[in-house]
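Q: Once you know that position 217 of the sequence shown is 503 in my numbering, the rest is easy, because the numbers rise by one and skip nothing. From the three backbone atoms N, C-alpha and C, an ideal C-beta is built for every residue, glycine too.
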Amino acid sequence: MIDLKDKRVVVTGANSMVGRAVISSLRNREAAVWGVYHQDVDLLNLQETRHTFEIAAPEYLIHAAGWNGGIEWNKMYPADIFYRTSQMALNVLKCCEQYKIDKCLSILASCSYPNNQESVLKEDTLWDGAPNGTVECHGLSKRVLDAYSRQLRKQHGMNAVTVVLTNSYGPHDSFDLEKTKVVGALIRKFVEAKKTNSPRVECWGTGSPKREFMFCNDAGEAIVQALEKYDEEIPLNIGTGIEVTIKELVEIIVGEVGYQGEVFWDTSKPDGQMKKLLDTTKMKSILDVQLVSLKEGIKETIDWYRREIL
């Protein structure tokens, strides 16, 4: 196990919800954290990325940067999403190899898995088929991280590991309705509907798809523990192992917001993948994370949104 106290750790995507949570967990360990913020460093530019490594001189790195959003965002910008996320991954991992850092950990998304509608998603099935078409651009771009990490291991003996993170949510999420994902979008819709006394809120699809949701602080802690403890070539799933339907998620949000109007399901809109539950058996044997319940995490996120955004 790595002792991160006083170790120099670079975190890309530092301004993101997950990046912030990772940095918080690292600081709890008294690591010397260097956050890479998109407004300061263009990770699409290899020279700028190299300059950051020269200054920061990292011993470890957690790659949390990407350019992604929800289903509508994927529909509008699939080529941009694939290019930006893939290119950042290649530049960052190339610099990890060139500057000979001790270990790098890259975060993949659960949408990288094949479009499996029935069983839980196990780590050894990542490459067994294509992702769901609604998230293909993001899922495939994240697979680049796994593929390049394995090649760096083969050629350079580099300790490059990957984790697959389930859907996460919480404070500092994006609440842009075009870019945010399901939890952020629903919280914004229902909080604003409550505030304006709107009689009806529209939700996409049938509400039948099942999803797994992990509070961002739990995700950040799990990712840092993986940096400390996990060294295998195969990705490690990070999730809760608990799934709910989108309708059940809406019911929790409606209850916590106190919204009393109509919930309208627009079935002309896509559901996306019907089931996306990670097998967390391996995670639970290696990591020790005390998980926040979905209801508690939703309440904390709604309170933060009302306090910081409205």
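1) Hey, H337 and V378: beta-carbon distance below 7 Å or not?
2) Please go through the stretch 363-440 and give each complete alpha helix (DSSP H) segment of 4 or more residues, from N-terminal end onward.
3) For the alpha helix (DSSP H) containing V296, list its first residue and its last residue.
4) Cα separation between S396 and K562?
5) Go to A350, then tell me how far its beta strand (DSSP E) extends in each direction, as first and last residue.
6) So, under 8 Å CB-CB, Q373 and L330 are touching, yes? Tell me the CB distance rounded to an integer number of Å.
7) Please state the DSSP three-state secondary structure of T452.
8) DSSP state of E464, grouped into three classes?
9) Rounded to whole angstroms, what is the Cα-Cα separation between D414 and G506?
10) Pick from F339, V469, G558, N483: whose alpha carbon is nearest that of E534?
11) Which residue comes first and which comes last in the beta strand (DSSP E) that contains L522?
12) Can you tell me whether S554 is buried or exposed? The criterion is at least 16 other CB atoms within 10 Å of its CB, across all chains shown.
13) So who's on the other strand from E500, going by DSSP bridges?
14) Pull up the distance between the alpha-carbon of G352 and that of F339, whole angstroms please.
15) Taking the continuous beta strand (DSSP E) assigned at V319, which residues delimit it?
16) Which value, in whole angstroms, describes the spacing of the CA atoms of V421 and G558?
17) Residues in its own chain within less than 6 Å of R306 by CB, not counting five upstream and five downstream?
A: According to the structure shown:
1) no
2) 364-384
3) Counting along the chain, V296 falls outside any alpha helix (DSSP H), though it belongs to the beta strand (DSSP E) covering 294-298.
4) 7 Å
5) Segment: none, A350 is in no beta strand (DSSP E) and carries neither H nor E.
6) 5 Å
7) coil
8) coil
9) 28 Å
10) V469
11) 522-524
12) exposed
13) The identity of residue 500 in the sequence shown is Met, whereas the question assumes Glu. Paired residue(s): S454.
14) 18 Å
15) 318-322
16) 8 Å
17) H458
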